[in-house]
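Contents: one structure, followed by commentary.
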Amino acid sequence: MYSAPPPATPVEPTIPVRQAFARFDWSATALGPEHAWPPSVRVAVDLMLRSPVPMAMLWGHEGILLYNDGYAAIAGARHPEILGMPARQAWPEAEAFNDRVITECLAGGTLSFRDQFLVLHRNGVPEEVYLDLDYSPIPDGQGQPVGVMAILTETTAKVQAERRVQGERERLGSMFEQAPGFMALLHGPEHVFELANPAYMQLVGHRPVLGKPVRQALPEIAGQGFFELLDQVYGKGEPFFGTALPATLQRPPDGAYERRYIDVMYHPLRDAQGQVAGIFVQGSDVTPRVLAEEEASRREAQFQVFAQAMPNQVWAAGPDGLLDWLNDKVPEYSGLLPAALLGAGWARIVHPDDLPQAGEKWAQALASGVGYETEFRLRRSDGTYRWHLARAVPLRNEGGSVVRWVGTNTDIEEQRAAAMALAHLNENLEREVAERTAERDRMWRLSTDVMLVADFEATVLSVNPAWTRLLGWQASELLGRSFMDLVHPDDQAATLDEMSGLARGVTTFRFDNRYRCKDGSYRVLMWTAVPEAGEIHAVGRDVTADRAAEEALRRTEAALHQSQKMESVGQLTGGVAHDFNNVLQIISGNLHLLRKNLAADEAALRRINGALDGVARGAKLASHLLAFARKQPLSPVVLNAGRLLRELNDMLRRALGEAVELETVVAGGLWNTLADASFLENTLLNLAINARDAMQGHGRLTIEAGNASLDDAYALAHGDVVPGQYVMIAVSDTGCGMSEDIVQRVFEPFFTTKPEGHGTGLGLSMVYGFVKQSGGHIKIYSEVGHGTTVRLYLPRSLESELAAGLQPLVEVEGGTETILVVEDDAQVRETVVELLTDMGYKVLKAPDAHSALAVVESGVQIDLLFTDVVMPGPLRSPELARKARLVQPNIEVLFTSGYTENSIVHGGRLDAGVALLSKPYAREDLARKLRQMLGAREHPEG
1365 MYSAPPPATP VEPTIPVRQA FARFDWSATA LGPEHAWPPS VRVAVDLMLR
1415 SPVPMAMLWG HEGILLYNDG YAAIAGARHP EILGMPARQA WPEAEAFNDR
1465 VITECLAGGT LSFRDQFLVL HRNGVPEEVY LDLDYSPIPD GQGQPVGVMA
1515 ILTETTAKVQ AERRVQGERE RLGSMFEQAP GFMALLHGPE HVFELANPAY
1565 MQLVGHRPVL GKPVRQALPE IAGQGFFELL DQVYGKGEPF FGTALPATLQ
1615 RPPDGAYERR YIDVMYHPLR DAQGQVAGIF VQGSDVTPRV LAEEEASRRE
1665 AQFQVFAQAM PNQVWAAGPD GLLDWLNDKV PEYSGLLPAA LLGAGWARIV
1715 HPDDLPQAGE KWAQALASGV GYETEFRLRR SDGTYRWHLA RAVPLRNEGG
1765 SVVRWVGTNT DIEEQRAAAM ALAHLNENLE REVAERTAER DRMWRLSTDV
1815 MLVADFEATV LSVNPAWTRL LGWQASELLG RSFMDLVHPD DQAATLDEMS
1865 GLARGVTTFR FDNRYRCKDG SYRVLMWTAV PEAGEIHAVG RDVTADRAAE
1915 EALRRTEAAL HQSQKMESVG QLTGGVAHDF NNVLQIISGN LHLLRKNLAA
1965 DEAALRRING ALDGVARGAK LASHLLAFAR KQPLSPVVLN AGRLLRELND
2015 MLRRALGEAV ELETVVAGGL WNTLADASFL ENTLLNLAIN ARDAMQGHGR
2065 LTIEAGNASL DDAYALAHGD VVPGQYVMIA VSDTGCGMSE DIVQRVFEPF
2115 FTTKPEGHGT GLGLSMVYGF VKQSGGHIKI YSEVGHGTTV RLYLPRSLES
2165 ELAAGLQPLV EVEGGTETIL VVEDDAQVRE TVVELLTDMG YKVLKAPDAH
2215 SALAVVESGV QIDLLFTDVV MPGPLRSPEL ARKARLVQPN IEVLFTSGYT
2265 ENSIVHGGRL DAGVALLSKP YAREDLARKL RQMLGAREHP EG
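Residue 1365 is where the sequence shown starts when you use this note's numbering, and the numbers rise one by one after that.
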C-alpha cells in the first residue's frame, strides 16, 4: 500500500493540443497520414478539439489516443507524450480498464461511470483520482464502430469534500453521544425532542422522549419553572444559564419522585432567516456536589456549636499585654461584662495571693517573647475561686516581632483536687485517670487543628479526625506512612531541618509548610511540635487564608509605592520641561531672527541651522518629559489600531532593518479606541526600536492587536487599572529579555540599559506617560534570554472611526493685522514681539493677563490675542480669552505654552475649540499658525 498525494488541480496544458497535433507524425499510426483521414474522422476530431469539455477518441482496436485541451489538463505531465499512443500503453496503470472500454464499445456497446476511482501516474507519482466517464462507439460510413468517443469530468475534489463532511458529521455525533454532560436538541415552539444524548436519557430515566413535546415527555416538571424558561428563551431569543437548579423527576416509570440538582444552559438556535427555530439544551447533573455542599454547611454549623460548648476560656491581647478580646466563657464564669475585663481588668478576678506571681510571669513573657504559663485562682460569679491553668503563645510577623498573644484559661480545679487526693490516697487513681483520658480524647477528637504523633523517621503513628475534615485523608490512609509524602516539594528541605532540631530536643513553634490535600490542592499549616519519649507530638493550624491575605496586602502596598514614586517623578519632570521649553523658545526665536539678518553669510547660516537642530532635539527631549508627566496636550480621535498598524508597516520595516522579521497580527472584530494617532505611532515606533536593539538587529518582532476585558480581579491586583473593555496592542521580541529589578525601573526617566551615548532613557517614559494620560494601562512581561512583551491597553471607544482629512497647506507669510502678545517671561516676550514685527504685524504686548485685559478694554482694535497659558496673578489665561471675546467678539485667540497644566487641557485632551502652539516653536510654525487663524476669519466656510 502507498499513501497517494492529494490530486493536482488540472491546469491548462503547456503545449496546446492543436500545436501537438500538427507536429505529430500520424502516418506511423493505424490512422495513417492526416490528409488521408475520412471526412467523418476529420469532423469528429474537429468537434472534439473545439469542445471545452474534456474529450478523447480511442481509434481502432489499438485505441490510438486523440484528445482535446480539456483532456490534456487532466492528463497533467503525461501530455503531450501520450498523444497518438495506444490507450493501454499510454495509461498502463489503467490497462485493464481501457481494454474493457475498447472491447465493449467496438462491439457497439456504451459505458458510463460516476465517481470512478482510478490510481493514475499523471504527474510522476500515484494519485487517487475520481472521474465521471461516458464512452460511446464512433461508426464509420457503413455504421460499423471504428473508435470510441470518451467524455470525462474529474470529480476528485467533490468526492473528497463529501468524505470530509461525512467525517465531521460522524465526529460531531460521537462527541454528542460521549459528552459527559447531558445534551438535547428541541425544535419548534412546543419544544419537541429531536436529539438527546445518553447522559440526558440517564437523567430522565431512559424514557422515550424523542419526537415528543417537552410538556408531554416530562410532565412531572410542570410548575417547576422549566417550561416557562424554555418559552422565554424561544420567544426572546436570549440564552439562559442556571446553576444548581432543583428539579423533581420521576425517573423510572411509575417510580418515586426524585430530587435532582442541575446546572443548565438553554441556547436559542436560529434558522437561515434569523428566526428562533429550536433550543440547544446542555448541562450537568450536579446533585452530588449540591448535597456535599449542604452536608459541609451542616457540619460547619455543628462545629460552631461544638466550639461554643468548649469548656475553655479563650482570650487575646496586643503586644503590650492588654487584653482586647474574650470568648463568652470568661464573662459567663466571672459574671462581669466583657468591657470590665479588657485591658488590665482581668486582674480583678485573680485571687489577691496569686496576682503578684501571675503578673510577674506575664511581664517576663512580654519582655522575652516566649510562651506564658502559670496557675492561679479565678473568682467565679458566686464569689468562689477555682484553680485555672493559664497559657498563652505569641504570634509573630515575618520580621519576628510579636504582634499578638493568644491564650486560654483551663479550669483545673478538679485536677488539683485529684492531685492533692492522690498524695494522701491512691484508691481513686483509676477513676481520675479515666476522667482525664476522656477529656484529652475529647480535645483530640473535637479540635479543629490537625494533631499528629510520629517517630523521628517521619512515620505517622496517630492522627486526629481533623485530618479528614481539613485535608480529606482518612486515618487508615496515613498510619504507617511518611508524612513527608504530603509535604510540598519546595518545603521538604526546611521540614527536614525542623525535624533535625526536634531530634536534638528543640521545640518547634510557628513553623509553616504546605501539606497536600487528598484532592491534590495544598493547605498552609502552622506547626507547634515537641519531642517526647522518642516521638514527635505536633499540632498544626490551617493558616492558608491568613498567608494569602498577607501576600495580597504585600502586593497592594508594592503597587501603591510604585504608583506614588512614578507620580512624584512625573511632577518633577513636568516642571523641568516647562522651564526648559521657555529657555528653548528664547534661543529659537533669536536664532530665527539672526538667521534672517545673516542670510548672506553661509558659514554663519550653517552654525545657526546647527543650533536650531539642537533646539529641535531639546524640544523633543522636553516633549518626552511632558509625555511621561502626562502633561503633554493630546488630540485624541476615534481610530482603529489595526488600520494604524497596516499604515505603519513600511515605516516599521525600514526602522527594524532586513535582519528583523516583522509579523503583524490583528484580531477580527477589533474595537475602536480613542487616542492621539501621532503619539500612538511614536509609541509603537519607540517600542519597535527598543526591541530591535534588544535583539541586536536580528530576530523576530511580533505586533498583535486584539480586544481585551480587564475584570475586577485584575484591577485589584493592579491598582492603576479601571475594570472594563480595552483594545490591547502587544509588542513581542525574541531579544535578551530583562530581569525583574530592571522591569521595575524601565519607565523611570533617563533610566536605560543601553551603552552611553546610545539612548536618552526617555523612550519608555514617554510610552508610559502617553498610555496613562490616555486612560490606559501598560504591562511588561520579560524573561532573561527569552525576550520581552509590552502590552498596551487603551480604552475601547463605541464611536465609529472618521476618515482622516488632509489639512490645507498655508504659505509661510506675515501680515498687517494687530496682535496682542501676553507673556510673563520678559525675554520670551521680547523675542516674540520682534519675530511678529519682522513679519509685518502691528504688535502690542502685556506682561500679565490683567494688563492685557486693560489693553483690550481700551478700545484698540485687536485681531488676535497670543497669550501664554501659565500666567502669574489672579486672572488666568482662559478667563482672559473669555473676557476678551466679550469685548471684541471677532478676536482670535492663540494659546502657547511649554506646560499646559489643567488650564486648557483636561483629562489629557485639549479643550474643544482651543488653538495651541506648543513651545518651543519655529518662526515658520508661528507664521503658518497665525495665517491659518486669521485667514479662516477672513474666509469663513459657507
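Quick reminder that beta carbons are idealized off the backbone N, C-alpha and C, glycines included. In this text, all values refer to a predicted model and were calculated from it rather than measured experimentally.
#1: Between which two residues does the beta strand (DSSP E) carrying TRP1401 extend?
#2: Following the continuous beta strand (DSSP E) through PHE1873, name the residue where it begins and the one where it ends.
#3: Would you decide whether CYS1469 is buried or exposed? Buried here means 16 or more other CB atoms lie within 10 Å of its CB.
#4: With DSSP as the reference, label MET1412 as helix, strand or coil.
#5: What three-state label does DSSP hand HIS2122 in the structure shown?
#6: Can you tell me the Cα-Cα spacing of TYR1697 and GLY1545, whole angstroms?
#7: Among residues of its own chain, excluding the 5 on either side of PHE1477, which ones have a beta-carbon nearer than 6 Å to its beta-carbon?
#8: Note the first and the last residue of the continuous alpha helix (DSSP H) segment covering MET2203.
#9: In three-state terms, what does DSSP make of PHE1388?
#10: Starting from GLU1445, follow its DSSP beta bridges and name the residues at the other end.
#11: Spell out a yes or no on whether the stretch 1739–1746 and the stretch 1763–1770 are touching, meaning 3 or more CB-CB pairs, one atom from each, closer than 8 Å.
#12: GLU2181: buried (16+ other C-beta within 10 angstroms of its C-beta) or exposed?
#13: My understanding is that ALA1581 touches VAL1573, with C-beta atoms under 8 Å, so please give their C-beta distance in whole angstroms.
#14: May I ask which residues mark the beginning and end of the beta strand (DSSP E) holding GLU2025?
#15: Measuring straight from C-alpha to C-alpha, what distance separates LEU1789 and ASP1746?
#16: Would you call the stretch 2039–2049 and the stretch 2070–2081 in contact, with 3 or more CB pairs under 8 Å?
#17: Buried or exposed for GLN2152, going by 16 or more other Cβ atoms inside 10 Å?
#18: Can PRO2313 and ASP2040 be called in contact, C-beta distance under 8 Å?
#19: Can we say the stretch 1780–1787 touches the stretch 1845–1858, given the rule of at least three CB pairs closer than 8 Å?
#20: Since GLU1724 is in the alpha helix (DSSP H), which residue starts that stretch and which ends it?
#21: With a 10 Å radius around its C-beta and 16 neighbouring C-beta atoms as the bar for buried, classify HIS2150 as buried or exposed.
#22: Counting along the chain, where does the beta strand (DSSP E) carrying PRO1610 start and finish?
#23: Buried or exposed: LYS1882, going by 16 or more other Cβ atoms within 10 Å of its Cβ?
#24: What are the residues that DSSP puts in a beta bridge with LYS2247?
#25: Under 6 Å Cβ to Cβ from ALA1754, same chain only, skipping five residues before and after it: list those, please.
#26: Are there 16 or more other CB atoms within 10 angstroms of the CB of ASP1504, so buried, or fewer, so exposed?
#27: Assuming VAL2107 and LEU2051 are in contact, meaning their beta carbons sit under 8 Å apart, how far apart are those beta carbons, in whole angstroms?
#28: Beta-carbon within less than 7 Å of VAL2002's beta-carbon, same chain only, minus the 5 sequence neighbours each way: which residues are those?
#29: Alpha carbon to alpha carbon, how far is ASN2004 from HIS1631? Give it in angstroms, no decimals.
#30: What number of angstroms, rounded off, separates the C-alpha of SER1500 from the C-alpha of ARG1528?
#31: Would you mind stating whether ALA1394 and GLU1426 have Cβ atoms separated by less than 8 Å?
#32: Note the first and the last residue of the continuous beta strand (DSSP E) segment covering TRP1423.
#33: Please report whether the beta-carbon of MET2203 lies at a distance below 8 Å from any beta-carbon of chain D.
#34: Taking the straight line between their C-alpha atoms, what separation do you get for ALA1563 and ARG1486?
#35: Three or more beta-carbon pairs under 8 Å between the stretch 1506–1513 and the stretch 1414–1421, yes or no?
#36: Indicate the three-state DSSP secondary structure (helix, strand or coil) for ASP1692 in the structure shown.
Quick answer:
#1: Note, TRP1401: premise wrong, no beta strand (DSSP E); not H, not E.
#2: It spans 1872–1880 - the beta strand (DSSP E) in which PHE1873 sits, taken as one unbroken run.
#3: With 16 or more Cβ atoms within 10 Å of its Cβ, CYS1469 is classed as buried.
#4: Of the three classes helix, strand and coil, the one that applies to MET1412 here is helix, per DSSP.
#5: Residue confidence is low: HIS2122 scores 49 on pLDDT, short of 50, so the model does not pin down where it sits. Its coordinate-derived value is still stated next. Three-state result, HIS2122: coil.
#6: TYR1697 and GLY1545 have their alpha carbons spaced roughly 57 Å apart.
#7: Here the set comprises LEU1497.
#8: Under the DSSP assignment, MET2203 falls outside any alpha helix (DSSP H); it carries neither an H nor an E label.
#9: The answer is coil: DSSP assigns PHE1388 none of H, G, I, E or B.
#10: Looking at the DSSP output, GLU1445 sits in no beta bridge, so it has no partner there.
#11: They do not touch, by the three-pair rule.
#12: Buried: at least 16 other Cβ atoms inside 10 Å.
#13: Between VAL1573 and ALA1581 the Cβ distance is about 4 Å, and since that is below 8 Å, they are a contact.
#14: Counting along the chain, the beta strand (DSSP E) containing GLU2025 begins and ends at 2024–2030.
#15: LEU1789 and ASP1746 have their C-alpha atoms roughly 30 Å apart.
#16: The stretch 2039–2049 is not in contact with the stretch 2070–2081.
#17: Note that residue 2152 corresponds to Thr in the displayed sequence, not to Gln. Residue environment: THR2152 is assigned as buried (16 or more neighbouring CB atoms within 10 Å of its CB, all protein chains considered).
#18: Given a span of 1365 to 2306 for the chain in the structure shown, any question on residue 2313 remains unanswerable.
#19: The stretch 1780–1787 is not in contact with the stretch 1845–1858.
#20: Annotation for GLU1724: the continuous alpha helix (DSSP H) segment containing it runs 1719–1732.
#21: So HIS2150 counts as exposed.
#22: Where PRO1610 is concerned, the enclosing beta strand (DSSP E) stretches over 1604–1613.
#23: Exposed, since its Cβ has fewer than 16 Cβ neighbours within 10 Å.
#24: DSSP, once it has assigned bridges, lists no residue as partnering LYS2247.
#25: In chain order, THR1738 and ASN1773 place their CB closer than 6 Å to the CB of ALA1754, counting only its own chain and leaving out the 5 sequence neighbours on each side.
#26: So ASP1504 counts as exposed.
#27: Actually they are not in contact, since the Cβ atoms of VAL2107 and LEU2051 sit about 14 Å apart, beyond 8 Å.
#28: Within the same chain, VAL2002 has close Cβ partners ASN2036, LEU2038, SER2161, GLU2163, SER2164, GLU2165 and LEU2166.
#29: Their Cα atoms are separated by approximately 32 Å.
#30: When rounded, the distance between both Cα atoms is 34 Å.
#31: Contact: yes.
#32: Annotation for TRP1423: the continuous beta strand (DSSP E) segment containing it runs 1419–1423.
#33: Protein chain content of the structure displayed is limited to a single chain, and chain D is not contained in it.
#34: When rounded, the distance between both Cα atoms is 51 Å.
#35: Contact holds: three or more Cβ-Cβ distances are below 8 Å.
#36: Coil at ASP1692, not helix or strand.
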